[in-house]
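Participant: Here it is, the structure in full.
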Amino acid sequence: MSVSRTSSENRRGESQEGRKGRGRLARPALLVDEVMRSIRDMIVDGRVRPGERLSENALAGELGVSTTPVREAIALLRRQGLVTVQPQSGTYVFELQPGELNRLCELRFALEPTAVRLALENPESSLPDELDRIVADMEKAQAEGRVRDYLALDTDFHDAIIAASGNEYFNSAYALIGAKMAALRNRLGSDPHHMEKSMREHIEIAEAIRSRDLDGAVGILVRHIARKEGSYWEDLDPQDPSRLERSA
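If you count the sequence shown from 1, position 193 lands on 181 in the numbering used here, and the numbers rise without skipping.
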């Protein structure tokens, strides 16, 4: 009896200890996510420049945490392509490599038009309403000269298209480039010609989706992704930007 009772008590103790252990693990995991989001926002918003060295100690001090979650956050950001780690040198904000923008856009060519098709095949899709809302906010941000807000809404627009596919693998694939594309949009700055054309194309895409015009929506979307306007792509990727031209 005493052996049985002791075994039972041990199992209860182990179970309680396991639950305590799981509870202790949750908080650091959440902290790493918060640290990762903070550093990612610095990169996307342009508060740290391309090629700039990131100091774990400085980031830890700024964010009020130890270096351990910073180190783990950097490992996650490396998977998103937002930082590069050079052995014996340090961690640096990503710089676009020759031909890389082409490869990023090729993935967008594969995902976004298909996501539109999948959304339009779903009669209950809320994508038209979601894009109408985002476009209205973009127009307001543009009119008020809130460039950063406009560019963030540009990212929201394309994120909404991917999410509307209803395919979690699309979300996972797009997540590999989403933050990097957002950072590149911010690097383009506030060129008025670019913003005017961008706004017009977003309106046209949203209108075509609202009308359930798949061919029209895809045609505008492909041109929008591939667009080469003067130095628009060339400043970011000098290697053969003409490869981005695609027919509708």
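Glycine included, C-beta positions come from ideal geometry on N, C-alpha and C.
Nothing here was measured: the structure is a model prediction, and the numbers come from that model.
Under the three-state reduction of DSSP, which class applies to residue 76: helix, strand or coil?
Facilitator: DSSP places residue 76 in coil when its eight states are reduced to three.
Participant: In or out: residue 74 buried (at least 16 other Cβ within 10 Å) or exposed?
Facilitator: Exposed: under 16 other Cβ atoms inside 10 Å.
Participant: Helix, strand or coil: how does DSSP classify residue 41 here?
Facilitator: DSSP places residue 41 in strand when its eight states are reduced to three.
Participant: What residues are listed by DSSP as bridge partners for residue 242?
Facilitator: Given a span of -11 to 236 for the chain in the structure shown, any question on residue 242 remains unanswerable.
Participant: Cβ atoms of residue 190 and residue 104: under 9 Å apart, would you say?
Facilitator: For residue 104 and residue 190, no; Cβs fall outside 9 Å.
Participant: Using a Cβ-Cβ cut-off of 7 Å (strictly less than) and excluding sequence neighbours within five positions of residue 65, which residues of its own chain qualify?
Facilitator: Hits under 7 Å: 24, 27, 28 and 71.
Participant: If contacts are defined as beta-carbon pairs under 8 Å, then residue 91 and residue 142 qualify, I think. What distance do you get, rounded to the angstrom?
Facilitator: Between residue 142 and residue 91 the Cβ distance is about 20 Å, and since that is not below 8 Å, they are no contact.
Participant: Determine, using beta-carbon pairs with one atom in the segment 99 to 117 and one in the segment 49 to 69, whether at least three such pairs fall under 8 Å.
Facilitator: With a cut-off of 8 Å, the segment 49 to 69 and the segment 99 to 117 do not count as touching, because too few Cβ pairs lie within range.
Participant: Report the rounded CA-to-CA distance for residue 135 versus residue 115, giving the unit in angstroms.
Facilitator: Rounded to the nearest angstrom, the two C-alpha atoms are 24 Å apart.
Participant: Does residue 78 pass the burial test, meaning 16 or more other C-beta atoms within 10 Å, or should it be called exposed?
Facilitator: Residue 78 comes out exposed.
Participant: For residue 150, which option in 165, 137 and 138 has the closest C-alpha, if you only look at C-alpha atoms?
Facilitator: Nearest of 165, 137 and 138 to residue 150, Cα basis: 165.
Participant: Output yes or no for whether 9 Å exceeds the beta carbon distance between residue 119 and residue 171.
Facilitator: No, the pair does not count as a contact, with Cβ atoms beyond the cut-off.
Participant: Give me, in chain order, the residues of the same chain whose beta-carbon lies closer than 6 Å to that of residue 212; leave out the 5 immediate sequence neighbours on both sides.
Facilitator: Here the set comprises 189.
Participant: Within its chain, find whatever has a CB closer than 7 Å to the CB of residue 145; leave out the 5 residues flanking it on each side and keep chain order.
Facilitator: Closer than 7 Å at the Cβ level, and outside the excluded window around residue 145, lie 119, 122 and 190.
Participant: Just verifying my parser: in three-state terms, what is the DSSP assignment at residue 159?
Facilitator: Helix.
Participant: Should residue 200 and residue 108 be called a contact, given that it needs their Cβ atoms to be closer than 9 Å?
Facilitator: Yes, the Cβ-Cβ distance between residue 200 and residue 108 is below 9 Å.
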